[in-house]
Amino acid sequence: MSPMVANEITCCLRPSRLSANSPETGLALLVAVAVVFGGAGPQAAVLAVAPQSTDHWAYQRPGRPAIPRTRPGDDIRTPIDAFIVRRLRQQGFVPLGAAARVTLIRRVTLDLLGIPPTPEEIDAFLADRTAGSWERLVDRLLASPRYGERWAVPWLDAGRFADSNGYQRDGRREAWAWRDWVIDALNSDLPFDRFTIEQLAGDLLPAATVSSRVATGFHRGTMANVEAGVDPEEERVLAVIDRVNTTAAVWLGTTIECAQCHDHKYDPFSQREYYSLFAFFNSTQAEIRTAGTRRDFTGPKIQLPQAVDTLDRARAQQRRVQRLAVRQAALRGVLDREQSAWEVLVGNRDDTPGWLKKILSTRSGRRTARQKGRVGTHYRSLSREWTGLVADLKKARTLQKTLAPATTLVMSELSAPRVTRLLKRGNFLDPGDPVLPGTPAAWPLLPVPTGRGLNRLDLARWLVDGNHPLTARVVVNRHWAKFFGRGLVSTIEDFGARGAEPTHPQLLDWLATEWVRQEWSLKSLHRLFVLSSVYRRRAAAPQRLRLADPDNRWYARAARRRLPAELIRDNALAIAGLLSDKMHGLPVFPRQPKGVWNHIGVASNLWKTSQGEDLYRRGVYVYWRRTVPYPSFVNFDAPTREVCSVARSHSNTPLQALTLLNDPVFFEAAGALALRVNREAGERATAIDRVEQMFRRATGRRPLSGESKILVDRYREEYERLVGEPRLARSLVETWIPRAVSEDRAAGDGRIALAAWLHVANVILNLDEVITRE
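Next comes the structure, spelled out in structure tokens:
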């Protein structure tokens, strides 16, 4: 099923919208059948299932609620707590107390940076009991460059970022510069209004820079079908549709894709209004002319600036290639001939050595054996020079390619706007009446400027107008869910009539207006969240509370949830001491199970495992191929990024446990953790000492006595088994702990012990507690 059809069905069949006993459930099912099978009857019968009203709460400008009064004894640290405590009291709940400090530092470090704190950082925090210790910790984390790498991940999901085009061939594309732009923008706390404007219309800014043009890569994240036989206009229209739907989902929390083929079933959007939004993106250049009649359907791109030293190296390398090419041409004229012809040619050259000219002036039949040998040796020396020159030139050209300026996909507007027409039933072959750029009547008016039509820049500025009813609410709600487990509006992707009502409407409005007051600073918003008492509560709750509020709608306790897919890998590498802090640049290819790509797309796209430090870089830099994303990411619910995704699903499957046990990345991490602990513990450390160090690095806490006993017993069992299988122990260490071999830590009993500790580390990294943010 195509993503377009899937989105259409999703619009009508969100589980959160449908009650099992509701008559609308059956009608919505008929809608889905009509969409899939093309039947017009059921679809036409439900055009007015729900009333469409512009009075919906989400379409009203948020007010600035007063902060509720609290009572003595209430744990109030920020205004957030006052709003939450009032609702808890109304529901008859008592909030839990604060979590242990060791839990809190791990929680906030994972939330803000996506990697765990080190034992040294934990000890320092536990020892600091002075006032403001929590605030200082939070500020230190917000200042870390790891912050941008962690918070780029959900935005890349929303921007459907990938390193490939999608579809069957799924060839590579140059888009990593936009990913780097996002990371840097988050680290520099670029205000979200500017963050929005540059990504939607950075190319249209009066003083557009390379950086603002790179930012427009957001909407170059659409899939690109460059296969033979594709209709260019159909492909272009699909890309524009994707941009409309993505913009509505990311900034407006609206399932506007339902209006692509017909008036929206539930929300007050007509099909004509959908194509007015379509018109904002319809004049974006879809292809570029290349030499002759060829066209590049990947669209416009720009060269990225290079550092001065890189430019100097590139120029020097270019000169070297030119010199080698000239030398090669000179030798080619010599060596392409027989030696006899070569002798005639060389004998008449001015630069030929005198001794050689003298020999060549003698007829070959009269030359001595010594003379013949000297001529042959010289000829062969030229031949060897040719062979070496060919190899040098090949290496030089390869290096020259690596120094060539990189490019990235960007948005670019046509000199004259296209005429936009309503597409009947969404069919690009059946255009209807023309429409102009504009916004739906249910939302604030976007005035048309004097002397020109509306464009993407106008739309971007409209979205982040401080009075807009949706943008701040939608984005604040999405980030709230990341920290507290669920949104104040649980249907994160849908603020429309069929979405959920907010559980705390006044808190949502206060946060939205406060964020705008704080000049759209995302770091300030996150700081506000984590300084609250609500954030610091315990997650473990008594059964009575869990039964009364199983979804934690009222936030009496903290949320306990599994880490996102990329962070599970980052977490394991960080615990093992392998994680690289190298930032930016080309995507990397860490180890993955063999053969995953062998039968997908073209042969040139085969996975070529990175070397050295690139094996251990953060998941945000891993090559993302839409048809076959990185396997461990898929197993832990990462999206394909074929379309926009503002919230990931959560599943529990046997594949996840098997991934942690057997995936080469996690098995190598277990080996590195075993080596790290053995190296740090020292030779006098007991098995219990080593277990405690290993366990604490992985979970942040010290193991209970019963936990230590289980793991020590596991070590002894593995050691006894491997004593009888020394070849297996040697293979495990040499394959998965190569550093142990280079450090001479893998001989005799040491090798067997290290292999046994590898198995213990493998068990620890598989613990639910390790991959869960408590």
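Using the working numbering, read the sequence shown as starting at 689 and increasing by one per residue. For each residue, glycine too, the CB sits at the ideal point set by N, CA and C.
For Lys1170, the enclosing alpha helix (DSSP H) has its first and last residue at Thr1159 to Phe1172.
For the options His1066, Glu961, Ala1188 and Asp1239, the alpha carbon positioned closest to that of Pro1122 is the one of Glu961. Under DSSP, Thr1108 takes part in a beta bridge, and its partners are Val1123.
As the crow flies, the alpha-carbon of Tyr855 is around 42 Å from that of Pro1193.
If you draw a 10 Å sphere on the C-beta of Pro750, you find 16 or more other C-beta atoms in it, and that means buried. DSSP, read as helix, strand or coil, puts Val1310 in strand. Pairing Trp1242 with Leu776 gives a Cβ-Cβ distance under 7 Å. Taken through DSSP and simplified to helix, strand or coil, Gln991 comes out as strand.
Val1136 sits exposed, since fewer than 16 C-beta atoms from the chains shown fall within 10 Å of its C-beta.
Between Leu1446 and Leu1420, the beta carbon gap of about 6 Å places them in contact (Cβ cut-off 8 Å).
In this structure, the CA atom of Ile764 is about 13 Å from the CA atom of Leu1216.
A distance below 6 Å between beta-carbons, with the five flanking residues on each side excluded, links Trp1150 to the following residues of its chain, in chain order: Leu1134.
Check the Cα spacing between Lys1112 and each of Leu1294, Ala947, Arg795 and Arg1234: the tightest is with Ala947. In the DSSP assignment, Leu800 falls within the alpha helix (DSSP H) that extends over Arg789 to Leu801.
Shown here for Leu1199: same chain residues with a beta carbon closer than 6 Å to its own, the five before and five after excluded, namely Val1164 in chain order. Between Leu888 and Ala1148 a beta carbon distance of about 4 Å is seen, short of the 8 Å cut, so the two are scored as contacting. Burial of Ala936 is indicated by the presence of at least 16 other C-beta atoms within 10 angstroms of its C-beta. If you check the CB distance, Thr766 and Ser1220 come in under 7 Å.
Beta-bridge partners of Ala1417 (DSSP): none assigned. Around the Cβ of Pro760, a 10 Å sphere holds fewer than 16 other Cβ atoms; the residue is exposed. Of the other Cβ atoms in all chains shown, 16 or more fall within 10 Å of the Cβ of Trp1312; this residue is therefore buried.
Annotated three-state conformation of Val1276 is strand, per DSSP. Looking from the CA of Leu1145, the closest CA among Pro783, Ser1209, Glu1202 and Thr972 belongs to Thr972. Annotation: Arg1234 to Arg1174 spans about 15 Å, alpha carbon to alpha carbon. Cβ neighbours of Asp868 within its own chain (closer than 6 Å, five residues either side excluded): His1272. Short of 8 Å from the beta carbon of Leu1294, and not among the five residues preceding or following it, lie these beta carbons of its own chain, in chain order: Trp1285 and Asn1286. Under the three-state reduction of DSSP output, Ser1339 falls in the coil class, being neither helix nor strand. Below 8 Å, enough C-beta pairs join the stretch 898-916 and the stretch 843-860 to call them touching: three or more.
A straight-line Cα-Cα distance of about 11 Å links Asp1325 and Arg1250. Thr1096: member of the beta strand (DSSP E) spanning Thr1095 to Leu1097, first to last residue. Cβ contact annotation for Arg1329 (same chain, cutoff 7 Å, sequence separation greater than five): Asp845, Arg848, Phe849, Ala850, Trp1312 and Arg1314, in chain order. Taking every protein chain shown into account, the CB of Asn1366 has 16 or more other CB atoms within 10 angstroms, so this residue is buried. Ala786 has Arg1225 as its beta-bridge partners, per DSSP. Met911: not part of any alpha helix (DSSP H); DSSP gives it neither H nor E. Straight-line measurement puts the Cα of Tyr1304 at about 18 Å from the Cα of Asn1450.
Between Leu1455 and Ala1360, the C-beta gap is not smaller than 7 Å, which leaves the two residues out of contact.
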